[in-house]
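Structure record follows, encoded as structure tokens.
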Amino acid sequence: MPGLDDLYREVILDHYRSPRNQGELETPPAVRTEGFNPLCGDEVIVFVDVDDNNVITDIAIGGQGCSISQASASMMSAAIKGASIGEARQFISAFKGLMSIHEGELGGDGSEAEMGIDADVADVGDIRLGDLEALKGVVKFPVRIKCATLSWNTLAQALDEAASDT
Amino acid sequence: MSIPADIKRDFPVLQQQVHDKPLIYLDSGNTSQKPQAVIDAMNEYYETTNANVHRGSYDLAVRATEALEGARAKVARFINAPATNEVVFTKNATEAFNLIARSWGAANLGPGDAVVISEMEHHANIVPWHMLSAEKGFELRWIPVTPDGHLDLRDLDTLLEGAKLVSVTAMSNVLGTLNDIPRLAEAAHGAGALLAVDGSQYVPHVPTDVQAMGADFLIFTGHKMLGPMGIGVLWACADLLEAMPPFLGGGEMILNVTKEGFTTTEIPWKFEAGTPMVAEAVGLGAAIDYLNNLGMDNVRAHEIELTDYALRTLNERYGDKIVIHGPQVASERGGVLSFVYGEPDMRVHPHDIAQVLDQAGVCVRAGHHCAKPLLQTMNVPATSRASVYVYNDESDIDALAEALEASSDIFAF
Ligand SMILES: Cc1ncc(COP(=O)(O)O)c(C=O)c1O
């Protein structure tokens, strides 16, 4: 049975207590996108600055949320700052891969094998998720997956907007 | 007589363990658990009585029809309605509000008119008005909520100018506030408006007399009062229902259909298109029997006692680490307790609290409780909410208080 330790790893609590890249960026030049989790009313605002070479030169995170959504947003911001839009998109799909669960395997014993979490899934292509792997435990608490993916979905939207701006 | 000490035995779902701990159910404001008597009544209906209603001439169909109409009569008596045919069955409270908006609202509201609701409404009493107002061009006005969780009625007269409908909850599902419905009825009627009352949180917990309330519409939902999901109630006086156009069209609601058009049947069936939820009506009837057997005065007294115990226990144990929203006197409120918890400068997010409590077997709701405008006014994105009903007792509150401690351990700063 998954316990709270699987969810609230120390790295996650650290990012929750001291979130990285919190704040706002001036728009324009930055793109601002809001995301909502209708389940719990959480809101995340993602600001990204993208230069002419499609590199994310700066990112800021606003809004309010639970430990999982805040920590995920904080780790995301640290991971993609300085990356190109293409790399960031790879990060997004790698992270969403980490968060995906195989239907029908819920309600098992909650072990990683049972949950269909493949040890290699965190390394999609050349992407190393690093600290973000601590969020793997979220998969054992399916209602929280939306908390973890909220900022990533919002970032994906922001990147679409930034890409269409240039 | 009061609520029997062993009442939990009547509720099969409460007999289980989750995460190796006894299940402590504190989310009845969301949906209530069902006593064995309700489950049995629905099973028995399917085992002995099932047939389509109002259609068959054989004995079985007659008995099924009697089961449906018998449940309607129980509902009417439960709220002291003047007549049984004033009780319309809907899918839930949400559908009842949509019925009022689409039927009465579409026929009576236009540019220059106003509908007055309050900041403490559930989305069920907000969104149908937003939807209709976009089409019909009437104004939606809001009765504000004071910082201590009451309706601010100081500017009521101005708000009511040109209003055709006031639609307000009798008890807030977030704050527990009991609103002064007779006063609102008088003010609404004085201004020439009708009054709709959302009784979703009130009717399950407080003896209800629709005539004393002075309401023109009363809405509630079966699953919050020990009944099944899938049945709700709209009550309105016969004259009003007669004058309203139908809501959904189809079978059951017609008198005659030709290639040129149709005529509607009498109330309440005019508003009940298609095969109705007979087993759910039977279940709701059984729930009403169960509540009557406990005595609604006892139900309310138990709620006040337990709410008082919860306010005292949590405030004494946690001091400034907990803020319980809404009125602080149990007799002025219902048993839904929304709270924020944690160090004053760093509250634990409700979603995290609910997660930690779940691990201790304690079920509470975290989020916006389908009342986002209210949470905006309160300036919080979400709250944790524990809500009690007849089967809860002091041991459940103690379990909640104890389990909260664990979230301080994890999120201590
Ligand atoms: C005050 C209030 N009104 C309306 C509703 C809607 O009830 P239902 O979802 O059964 O339609 C609820 C409960 O969710 C409620 O608490």
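Top line first, the protein sequences correspond to chains A and B. Terminal number for the first sequence in our numbering: 166, no gaps in between. Terminal number for the second sequence in our numbering: 579, no gaps in between. No residue lacks a Cβ here, since even glycine has one placed at the ideal position from N, Cα and C.
Say yes only if the C-beta of residue i is nearer than 7 Å to one or more non-hydrogen atoms of ligand 1, and no if none qualify.
{"i": "Q525 of chain B", "result": "no"}
{"i": "D321 of chain B", "result": "no"}
{"i": "C536 of chain B", "result": "yes"}
{"i": "D193 of chain B", "result": "no"}
{"i": "G398 of chain B", "result": "yes"}
{"i": "E389 of chain B", "result": "Looking at the sequence itself, residue 389 of chain B is His, so the reference to Glu does not match. It does: the Cβ of H389 of chain B is within 7 Å (strictly closer) of some heavy atom of ligand 1."}
{"i": "T335 of chain B", "result": "yes"}
{"i": "S198 of chain B", "result": "no"}
{"i": "N345 of chain B", "result": "no"}
{"i": "S504 of chain B", "result": "no"}
{"i": "S366 of chain B", "result": "yes"}
{"i": "N258 of chain B", "result": "yes"}
{"i": "N339 of chain B", "result": "yes"}
{"i": "H580 of chain B", "result": "As shown, chain B starts at 167 and ends at 579. That puts residue 580 of chain B outside it, with no answer to give."}
{"i": "N264 of chain B", "result": "no"}
{"i": "N54 of chain A", "result": "no"}
Taking the alpha-carbon positions, what's the residue i to residue j distance?
{"i": "S504 of chain B", "j": "L477 of chain B", "result": "11 Å"}
{"i": "H468 of chain B", "j": "S168 of chain B", "result": "8 Å"}
{"i": "G110 of chain A", "j": "K140 of chain A", "result": "Its pLDDT being 39, under 50, G110 of chain A is placed unreliably in this model, and the value from its coordinates should be taken loosely. For G110 of chain A and K140 of chain A, the distance between alpha carbons rounds to 6 Å."}
{"i": "L529 of chain B", "j": "A569 of chain B", "result": "Per the sequence shown, the amino acid found at residue 529 of chain B is Cys instead of Leu. Their backbone Cα atoms lie some 11 Å apart in a straight line."}
{"i": "Q182 of chain B", "j": "I173 of chain B", "result": "15 Å"}
{"i": "R9 of chain A", "j": "L135 of chain A", "result": "8 Å"}
{"i": "G417 of chain B", "j": "A237 of chain B", "result": "21 Å"}
{"i": "G104 of chain A", "j": "V143 of chain A", "result": "Unreliable placement is indicated for G104 of chain A, whose pLDDT of 38 sits below 50; the coordinate value is still reported in the next sentence. Near 15 Å, if we compare the C-alpha coordinates of V143 of chain A and G104 of chain A."}
{"i": "R551 of chain B", "j": "G65 of chain A", "result": "17 Å"}
{"i": "H102 of chain A", "j": "H517 of chain B", "result": "Only weak support is given to the placement of H102 of chain A: the predicted model assigns it a pLDDT of 46, under 50, and the value that follows is read from those uncertain coordinates. Their backbone Cα atoms lie some 24 Å apart in a straight line."}
{"i": "N251 of chain B", "j": "A404 of chain B", "result": "7 Å"}
{"i": "A242 of chain B", "j": "V179 of chain B", "result": "29 Å"}
{"i": "L155 of chain A", "j": "R32 of chain A", "result": "9 Å"}
{"i": "D54 of chain A", "j": "I80 of chain A", "result": "The question names Asp, but residue 54 of chain A is Asn in the sequence shown. Going by the C-alpha atoms only, they are around 12 Å apart."}
{"i": "S497 of chain B", "j": "L392 of chain B", "result": "22 Å"}
{"i": "A78 of chain A", "j": "L317 of chain B", "result": "45 Å"}
{"i": "D5 of chain A", "j": "R221 of chain B", "result": "59 Å"}
{"i": "A567 of chain B", "j": "N481 of chain B", "result": "10 Å"}
{"i": "D123 of chain A", "j": "K96 of chain A", "result": "Interpretation of D123 of chain A is limited by its pLDDT of 47, a score under 50 that renders its predicted location unreliable; the figure taken from the coordinates is listed afterwards. Cα to Cα, the separation comes out at about 12 Å."}
{"i": "A88 of chain A", "j": "L13 of chain A", "result": "24 Å"}
{"i": "I174 of chain A", "j": "F413 of chain B", "result": "Only positions 1 to 166 of chain A appear in this structure, which leaves residue 174 of chain A out of reach."}
{"i": "G107 of chain A", "j": "A262 of chain B", "result": "With a pLDDT of only 41 at G107 of chain A, under the threshold of 50, the placement of this residue in the model should not be trusted, and no figure is reported."}
{"i": "A548 of chain B", "j": "Q367 of chain B", "result": "19 Å"}
{"i": "W308 of chain B", "j": "H355 of chain B", "result": "18 Å"}
{"i": "A230 of chain B", "j": "A158 of chain A", "result": "57 Å"}
{"i": "D575 of chain B", "j": "V311 of chain B", "result": "35 Å"}
{"i": "Q206 of chain B", "j": "R349 of chain B", "result": "Gln is not the amino acid found at residue 206 of chain B; the sequence shown has Asp there. If you take the alpha carbons of D206 of chain B and R349 of chain B, they lie about 41 Å apart."}
{"i": "S18 of chain A", "j": "I563 of chain B", "result": "33 Å"}
Give the range of the alpha helix (DSSP H) segment to which residue i is assigned.
{"i": "Y507 of chain B", "result": "Careful: Y507 of chain B lies outside any alpha helix (DSSP H), inside the beta strand (DSSP E) at V502 to E509."}
{"i": "I85 of chain A", "result": "I85 to M99"}
{"i": "R483 of chain B", "result": "M462 to Y484"}
{"i": "I397 of chain B", "result": "It is not in any alpha helix (DSSP H) - I397 of chain B carries neither H nor E in the DSSP assignment."}
{"i": "T324 of chain B", "result": "L322 to L326"}
Mind checking which residues open and close the beta strand (DSSP E) that includes residue i?
{"i": "R175 of chain B", "result": "Neither: R175 of chain B is in no beta strand (DSSP E) and is coded neither H nor E."}
{"i": "M512 of chain B", "result": "M512 to V514"}
{"i": "F383 of chain B", "result": "F383 to T387"}
{"i": "E43 of chain A", "result": "D42 to V50"}
{"i": "Q64 of chain A", "result": "I56 to Q64"}
{"i": "F36 of chain A", "result": "V31 to N37"}
{"i": "T549 of chain B", "result": "T549 to S553"}
{"i": "L331 of chain B", "result": "A329 to T335"}
{"i": "S284 of chain B", "result": "A280 to S284"}
Strictly below 8 Å CB to CB, what residues from chain E border residue i?
{"i": "I576 of chain B", "result": "The structure shown contains no chain E; its protein chains are A and B."}
Let me make sure I understand the geometry here. Which of the options has the alpha-carbon closest to that of residue i?
{"i": "V228 of chain B", "options": "B:G396, B:A242, B:Y211 and B:D524", "result": "B:Y211"}
{"i": "Q199 of chain B", "options": "B:V554, B:E560, B:R320 and B:S573", "result": "B:V554"}
{"i": "G501 of chain B", "options": "B:P516, B:A526 and B:R466", "result": "B:R466"}
{"i": "N459 of chain B", "options": "B:T441, B:V556, B:T473 and B:L414", "result": "B:V556"}
{"i": "G164 of chain A", "options": "A:K146, A:A88, A:V50 and A:K96", "result": "For the sequence presented, residue 164 of chain A should be read as Ser rather than Gly. Considering only alpha carbons, the answer is A:V50."}
{"i": "A249 of chain B", "options": "B:G365, B:L406 and B:S338", "result": "B:L406"}
{"i": "A290 of chain B", "options": "B:N481, B:N422 and B:S338", "result": "B:S338"}
{"i": "L327 of chain B", "options": "B:N216, B:D375, B:G342 and B:L306", "result": "Note that residue 327 of chain B is Glu in the sequence shown here, rather than Leu. Out of B:N216, B:D375, B:G342 and B:L306, B:L306 has the C-alpha closest to the C-alpha of E327 of chain B."}
{"i": "T214 of chain B", "options": "B:R320, B:A445 and B:K257", "result": "B:A445"}
{"i": "S72 of chain A", "options": "A:L39, A:S100, A:Y16 and A:G62", "result": "A:Y16"}
{"i": "V281 of chain B", "options": "B:K330, B:Y368 and B:T549", "result": "B:K330"}
Cβ of residue i versus every heavy atom of ligand 3: is any distance shorter than 7 Å?
{"i": "T214 of chain B", "result": "In the structure on display, ligand 3 does not appear, and the ligands it does have are ligand 1."}
*Let me know the beta strand (DSSP E) ranges lying completely inside the region 201-265 of chain B, each 3 residues or longer, listed in chain order.*
Taking only runs of at least 3 residues, the beta strand (DSSP E) segments lying wholly in the region 201-265 of chain B are 253-256.
*Only counting runs of 4 or more residues, tell me where the alpha helix (DSSP H) segments fall wholly within the region 400-454 of chain B, in order along the chain.*
Residue ranges of uninterrupted alpha helix (DSSP H) with 4 or more members, entirely inside the region 400-454 of chain B and ordered along the chain, are 404-409.
_Those runs of the alpha helix (DSSP H) which lie wholly inside the region 291-317 of chain B and span at least 4 residues_ = Within the region 291-317 of chain B, the runs of alpha helix (DSSP H) at least 4 residues long that lie entirely inside it are, in chain order, 293-302.
*Which runs of the alpha helix (DSSP H) spanning at least 4 residues fall entirely within the region 337-367 of chain B, listed in chain order?*
Under the rule that a run must span 4 or more residues, the alpha helix (DSSP H) segments found entirely inside the region 337-367 of chain B read 347-356.
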